[in-house]
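Under this note's numbering, the letters of the sequence shown match residues 297 to 476, in that order.
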Amino acid sequence: MVYVLLGTGFEEMEAIAPIDLMRRADIPVLTVGVNGKIVYGSHKIGIEADITLEEMDLTELEMIVLPGGLGGVASVSASEKAMAALRFAYDNDKYVAAICAGPTVLAKQGFTDGKCATCYPGFEDQMGSANMLPGKAAVRDGKLITGTSAGCATAFALELIAALKGKDVADKIEKQIVIR
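(1) Tell me where the alpha helix (DSSP H) around Ala374 begins and ends.
(2) Measure the C-alpha to C-alpha separation of Val465 and Thr304 and round it to an integer number of angstroms.
(3) Anyone know if the C-beta pair for Met309 and Ala449 falls short of 8 angstroms?
(4) What distance in whole Å lies between the Cβ atoms of Thr414 and Lys432, which are believed to be in contact at a cut-off of 8 angstroms?
(5) Ends of the beta strand (DSSP E) at Thr400?
(6) How far does the beta strand (DSSP E) with Glu344 in it extend, from its first residue to its last?
(7) Taking a contact to mean a Cβ-Cβ separation below 8 angstroms, would you say Ala459 touches Arg436 in this structure?
(8) According to DSSP, simplified to helix, strand and coil, what is Ala394?
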């Protein structure tokens, strides 16, 4: 199961593109409302989450995804349960993925130390001792996957799919959505 954490103020494109593309690839994905069942993104788009944090079953977890958006990142950071879920994924060698400002949350936990990563331009100084690759849309280093920004949400999503289902499936989805 892939859990996508939606905190109030999340960046909509960075959440919806990965959710949509992973579901097209037949990957089980559930959105998780950090602040309740209805969560508003940074552009005031309301999303009804599939489940709340209390309903997450970490024994089913394959990957946890943290979209950016400064409000969403702050919401996740302020939630002990959300942070515990991220820690559980990391400690149990599950995929941990974040995009835009999201990787800074992982860096504060030491998850990015010594790993290749990317984040929103200008946030590199908040990435601890990560080996930053700012020219990349998405970077995978082992079970850590990071993305740069809303404009890179599709590349990030395809990297998530490649991690879980292989490059052939990611390539198939890329062809289906006709990237030019």
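We treat Cβ as the ideally placed atom computed from N, Cα and C, and that holds for glycine.
This is what the structure holds:
(1) Within the sequence shown, numbered from 1, the residue matching residue 374 stands at position 78. Its alpha helix (DSSP H) spans residues Leu366 to Ala374.
(2) Numbered from 1 along the sequence shown, position 169 holds the residue referred to as residue 465. Numbered from 1 along the sequence shown, position 8 holds the residue referred to as residue 304. If I take the Cα positions, the gap works out to 32 angstroms.
(3) Walking along the sequence shown from the start, residue 309 turns up at place 13. Walking along the sequence shown from the start, residue 449 turns up at place 153. Cβ atoms of Met309 and Ala449: closer than 8 angstroms.
(4) One-based indexing of the sequence shown puts residue 432 at position 136. One-based indexing of the sequence shown puts residue 414 at position 118. Right, their Cβ atoms sit about 5 angstroms apart.
(5) Within the sequence shown, residue 400 is the residue found at index 104, counting from 1. From DSSP, Thr400 is part of no beta strand (DSSP E) but of the alpha helix (DSSP H) over Gly398 to Lys404.
(6) Along the sequence shown, one-based indexing puts residue 344 at 48. Element bounds for Glu344: Gly342 to Glu344.
(7) Taking the sequence shown and counting its residues from 1, one reaches residue 459 at position 163. Taking the sequence shown and counting its residues from 1, one reaches residue 436 at position 140. Yes, the Cβ-Cβ distance between Ala459 and Arg436 is below 8 angstroms.
(8) Looking up residue 394 in the sequence shown gives position 98. In this structure, Ala394 counts as strand in the three-state DSSP scheme.
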